[in-house]
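Chains as they are written, first to last, in the working numbering: chain C, 16 to 399; chain Z, 16 to 399; chain D, 7 to 133; chain F, 7 to 133. Yeah, the Cβ is synthetic: ideal placement off N, Cα and C, and Gly gets one too.
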Amino acid sequence: MELTKEEESALDGKHGETLALAYRILVAIGEATNADKLIPVEWAHLSGVNYNTIGDAGEEFLSHLSKDAKFRIKTTVNPMGFDSDNVSKFHLDEEFVTKQQSIRNSYVKMGATPSFSCIPYEIFELPKNGTQVSFAESNAAIYANSISALKTNKESAFSALASALTGKSPHSDLRDEENRKPNLTIRMKTEPADEITYGLLGYFAGKEAGSSVAISGTKGLDRRSCKSLCAGMGTSGSCGMFTLGEEEGEKIDFDYKEMARVKDELNTSESGDIITLGSPQLGLEEISDLVAKLKGRSFRKQCMIFCPRAIQGQIRNLGYDKELTRAGGEILYDCCTCLTPLVDKENIDAVVTNSVKGAYYLKTSNGVDVNLKSLHQIVEEETK
Amino acid sequence: MELTKEEESALDGKHGETLALAYRILVAIGEATNADKLIPVEWAHLSGVNYNTIGDAGEEFLSHLSKDAKFRIKTTVNPMGFDSDNVSKFHLDEEFVTKQQSIRNSYVKMGATPSFSCIPYEIFELPKNGTQVSFAESNAAIYANSISALKTNKESAFSALASALTGKSPHSDLRDEENRKPNLTIRMKTEPADEITYGLLGYFAGKEAGSSVAISGTKGLDRRSCKSLCAGMGTSGSCGMFTLGEEEGEKIDFDYKEMARVKDELNTSESGDIITLGSPQLGLEEISDLVAKLKGRSFRKQCMIFCPRAIQGQIRNLGYDKELTRAGGEILYDCCTCLTPLVDKENIDAVVTNSVKGAYYLKTSNGVDVNLKSLHQIVEEETK
Amino acid sequence: MNVKVIVRGKAKGAVLCAQKPVNFLGGIDKKTGLVRDEKHDLFGKFIGNKILVFPNGVGSSVGAYTIYSLKYNQSAPLAIVCLKADITTASGCAISDIPLVVAEKKDYESLKNGQEILVDAIEGKIL
Amino acid sequence: MNVKVIVRGKAKGAVLCAQKPVNFLGGIDKKTGLVRDEKHDLFGKFIGNKILVFPNGVGSSVGAYTIYSLKYNQSAPLAIVCLKADITTASGCAISDIPLVVAEKKDYESLKNGQEILVDAIEGKIL
């Protein structure tokens, strides 16, 4: 990879430790992906915010980094471990709370917007078509490439951090128009086309595909199904975008057999003690629909509903919070199903969720079983 | 109204003609609304973009102003007269096109984001709760105050322009927490709670209310009904916000009689030659819903669907444009039903729309009759 | 009578009184200065070169541009007297240099069609 | 054998080969360095103080922090040899100063468990 003189001297430490570290990361991923040069990016979305995932090492690293580092471009961040407004309710240990607050403070000090959301594509305005960004959250990277008309690789926590610190990223893979055309088509052969089906399809496609995949035969695919598709795809592999419609090259069918196989892997229980909705977080559209579906009904068990704080004011002013509380739901901001410390295997054996991504992480990270049900089914079967 | 020394000298022309003009406007509206001082605002949303409404005088004014003026805060703009991608299709006269392009260029030169949208609250990220903004588009001002947790007066085209040029606005009326509490409640006593009912309720409330009004007895009020409510309210009077639930003070019922009276005023035809959807423009949520409703159906007549350009990429990537085109719909960006030159009384006698605001302006400005129908009815009756 | 000054200036002319609020956008033709709203009590009247008296402005925020257009097309009122100044009228007058004052209810109601008055929107008086 | 250098450095140690891709987040305990993914062929093994050989990394973007945590907890591999370097592994190694190289398929497949090698991620050689 070719560097400019300016970039070389930053790499050599002539502009300080922080930039030298950032350029070391950029050079490593540039070499890993056979990039020809660094290019400007306009927006970084960072993962590595939840103390559950980055631990003491991460917390200390960020605390040290934030002593003098400043983000050069718009920088937004993934969910953290809890809702700042409701910390006390969940009996989290004091160390968790302190370390999580430290992580929060470090990011804010460096200039991040405290968005704590995995759906930046819904709550922030989109730059113009074709703009290069660096999204580390996998569902957001796939959504950005496939739906929002932006360009990003499926970044890691550190590669997006390096972009935030430098405003740059290596020019390779999905950042290069030539590499975006898929050479594998997944042909959807299943019904019903609910969010579970699309999540499973995404999970399947993510395992099979390279960095870009075509999906054909979709039925009633709407924006919300796309969120499920992106989240499932981001969980299982390294695929960073999809297009709709058949492409030349290899074809693989996603039929009932494949769907059942994936579902068996993720659906490990026939029931659950609590319900979680989110992963990705729910936006205003989904909350609006959920409120309509819950009219006159209430949940039979605890139901956590994960949302970005950006929509809190609107949720309140529209009266949605009152409606959801009446129905026994609990809205949580800043955090999400995925990697949450709020679901603890000491107290909970199994969780009902409509998120395929959530199912994967609940099982592998929280160690609880999962019962996958569509939102329609959840309202039918888990409310009275 | 008290001015700082800095503001006094700007008013006296010591920082140039443009700022002197802007401060003259701020002082006038400050006096008109009994403001005590000027306060900072973070975002201006301007009306006065459509050549149809501002004419040669406006076009020349903006062209002159843009020679040296620069906006000091984030500035977004209302729809213009046509979709830039489809100018030729509509047989607009050459002068209209040239003058409209000049207006566009003037705004962009001064630093506006070329958003051409009347739903800034949907396509831009929202500043934090309580932030002061200056929104001239009436539906957007009401939505910002009532749902988005922002503060603005119902600004005029020039008062918002003055805010864009100075970053300030007089502290009065709805910018002052004390004045935001409504002293009139409109009690909703009607069904069905579709967007037409909410639009008519808004239109009724706007006529009766001062600057803030409470609405009680709402049924199934969701975000999209709120858009209709805000648009109707902004059309008929000077009310700039609503709250939900009953308040102390005067109560007025919005019953079937009142609803019929308002509907009779606006619904002037039993059928229409074309359909227009928008005013406010449709967002991704409404487009998604429209696509689902149109499955297997197509429009019996021309149907214009007005959207902000900000969602064009997503509409295309989700395949919604293909679906709407298949159904005989026509998506138009940058413009809207309201004050559009694309509906011409020489060729069209009456228009079918689900927008109460659209109905008012189609009748008063375009001179065509209007048949008000909910989207549900339009799909039932105007498609095959 | 004493009045509150909103936009400074001086003008002398004949009073034209409107009973209803004025919606500049849509209600007034921006080129000719004729009232085109059929439901308005001034329907068909020319508002230019008069001292226009009306309770307050209503309607679209773009109405401020209509006031500016009237001035540009030499069809604007010489001055405006309101009962309650609104943001649209105030900003439209400010940018168009049309003197604008607010009168007390009693004084406002004493103004009669055709009466010749001097609006002194510097000292805050109507003579 | 010649290799492509992704992250510079030198390390000498015993090879530990994984057949399957590695998912650092969830798959490896960030404190102990033990493989905790039951479905992985290295399940239960300690990956620290070895030359870790695996085809590529998969899974969450936060896996890069897991690599950093392993280093912090003295449970990190001495060096990593991949068949295809991915962004998560490359950035995690870069920030943790763990030498990382990519080997050609034939060379990659010749590496055997327990074999003592020197990864020279400066000259681009494995000896």
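Asked                                                                                                                                                                                                                     : Found
Apart from the five residues just before and just after Cys353/Z, which ones in its own chain have a Cβ nearer than 7 Å to its Cβ?                                                                                        : Ser294, Lys372, Gly373 and Tyr376
Using the Cα positions of Ser163/C and Ser81/F, report the straight-line distance between them to the nearest angstrom.                                                                                                   : 40 Å
Relative to the C-alpha of Glu301/C, which candidate in Thr368/C, Gly96/C, Leu390/C and Phe97/C has its C-alpha closest?                                                                                                  : Leu390/C
Can you list the residues of chain Z that Cys99/D reaches, using a CB-CB cut of under 9 Å?                                                                                                                                : Ala43
Taking the alpha-carbon positions, what's the Ser174/Z to Leu199/Z distance?                                                                                                                                              : 27 Å
Using a Cβ-Cβ cut-off of less than 7 Å, give me the residues of the stretch 29-50 of chain F that come near chain C, in sequence order.                                                                                   : Leu31, Gly32 and Lys36
Residues of chain Z with CB under 7 Å from Ala17/D, in chain order?                                                                                                                                                       : None at all; the shortest Cβ gap to chain Z is about 16 Å.
Look up Leu31/D in the DSSP assignment and give the residues it is bridged to.                                                                                                                                            : Ile34/D
Measure the alpha-carbon distance for Leu309/C versus Ser243/C and round it to whole angstroms.                                                                                                                           : 21 Å
At a CB-CB cut-off below 8 Å, which residues of chain C make contact with Cys241/Z?                                                                                                                                       : Leu333
Quick check on Ser303/C - is its C-beta less than 8 Å from some C-beta in chain Z?                                                                                                                                        : yes
For Thr167/C, decide whether its Cβ has a neighbour in chain F, counting only Cβ atoms nearer than 8 Å.                                                                                                                   : no
Measure how close the beta-carbons of Lys114/C and Glu74/C come, nearest whole angstrom, since I'm counting them as under 8 Å.                                                                                            : 5 Å
Name the chain Z residues that come within less than 7 Å of Asn144/C, Cβ to Cβ?                                                                                                                                           : Gly328
Chain Z partners of Ser161/C, CB-CB under 8 Å?                                                                                                                                                                            : Asn332
Is the distance from the Cβ of Ile12/F to the Cβ of Ala43/C below 8 Å?                                                                                                                                                    : yes
Whose C-alpha, out of Leu80/C, Cys350/C, Ser62/C and Asp100/C, is nearest the C-alpha of Ser149/C?                                                                                                                        : Ser62/C
With which residues is Lys310/C paired in a DSSP beta bridge?                                                                                                                                                             : Lys310/C pairs with nothing; no bridge assigned.
For Gln296/C, does the count of other Cβ atoms within 10 angstroms reach 16, so buried, or fall short, so exposed?                                                                                                        : buried
Rounded C-beta distance between Phe321/C and Cys351/C? I'm assuming under 8 Å.                                                                                                                                            : 5 Å
Let me confirm a value: Ala85/F is counted as buried when at least 16 other C-beta atoms fall within 10 Å, else exposed. Which label applies?                                                                             : buried
Output yes if chain C places a C-beta closer than 8 Å to the C-beta of Ile128/F; else output no.                                                                                                                          : no
Distance, Cα to Cα, Lys89/C vs Ala127/C?                                                                                                                                                                                  : 7 Å
Examine chain C for any beta-carbon lying closer than 8 Å to the beta-carbon of Phe139/Z, and answer yes or no.                                                                                                           : yes
Give the secondary structure of Ala59/C by DSSP, where H, G and I count as helix, E and B as strand, and everything else as coil.                                                                                         : strand
Return the residue from the list Lys112/D, Val87/D, Arg42/D and Gly65/D that minimises the CA-CA distance to Leu106/D.                                                                                                    : Val87/D
Would you say Gly69/D lies against chain Z (beta-carbon separation less than 8 Å)?                                                                                                                                        : yes
Classify Glu84/D as helix, strand or coil using the three-state DSSP reduction.                                                                                                                                           : One point to set straight first is that residue 84/D is Leu, not Glu, in the sequence displayed. Three-state DSSP puts Leu84/D in coil, outside helix and strand.
Just to make sure I have the definition right: I need the residues of chain Z whose C-beta is within less than 7 Å of the C-beta of Glu300/C. Which are they?                                                             : Glu300
Run through chain C and tell me which residues come within less than 8 Å of Asn79/F, C-beta to C-beta.                                                                                                                    : Ala72
Indicate whether Ser227/C and Ile93/F have their beta-carbon atoms separated by less than 8 Å.                                                                                                                            : no
Could you give the distance in angstroms between the alpha-carbon of Pro27/D and the alpha-carbon of Arg87/C?                                                                                                             : 52 Å
Between the stretch 243-261 of chain C and chain Z, which residues of the former have CB atoms less than 9 Å from a CB of the latter, in chain order?                                                                     : Thr258, Leu259 and Gly260
Does DSSP put Pro185/C in a helix, a strand or coil?                                                                                                                                                                      : strand
Whether or not the stretch 331-347 of chain C and the stretch 220-238 of chain Z are in contact is what I'm after, with contact meaning three or more pairs of Cβ atoms, one per stretch, closer than 8 Å; do they touch? : yes
Can you tell me where the alpha helix (DSSP H) holding Thr72/D begins and where it ends?                                                                                                                                  : Gly69 to Tyr78
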